[in-house]
Amino acid sequence: MKRKATAILNILAWGAFWTFGLLAAAAPDLGPRLVSEAVALSGLGFLTGVLTYLMLSRGVYPDDSVPVAQVEG
């Protein structure tokens, strides 16, 4: 259940990153304060997305798979 909640948080964080990043970059009618808020929310989404991705990818390494036989030469 924890991985599922982390995966959902990951999706929401990356969605916030792209949504607020696009809003900050492309909205011509926003004042400087709203652009700053959008950039801050986008950065928060980016950091949360990266951290949750790293949490999800922990333990998914080739070390967990079947070992490959070494050839003696």
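Numbering (numbering that gives the first Met the number 0), first residue to last: 0 to 72. A virtual CB, placed ideally from N, CA and C, is assigned to each residue, including glycine.
query: Using DSSP with H/G/I as helix, E/B as strand and the rest coil, what is E71?
result: Here residue 71 refers to the residue found at position 72 when the sequence shown is read from its first residue. Three-state result, E71: coil.
message: Taking the alpha-carbon of L37 as reference, which of W13, G20, G30 and K3 has the nearest alpha-carbon?
response: Reading the sequence shown from its first residue, position 38 is the one you call residue 37. What sits at residue 37 in the sequence shown is Ala, not Leu. When each option's Cα is compared against that of A37, the closest is G20.
query: Over what stretch of residues does the alpha helix (DSSP H) that includes A26 continue unbroken?
result: In the sequence shown, residue 26 corresponds to position 27, counting from 1. Unbroken run through A26: none, as it is neither H nor E.
query: Exposed or buried, A23, counting other C-beta atoms within 10 Å across all chains shown (16 or more means buried)?
result: Sequence index remark: in the sequence shown, residue 23 carries index 24 (1-based). So A23 counts as buried.
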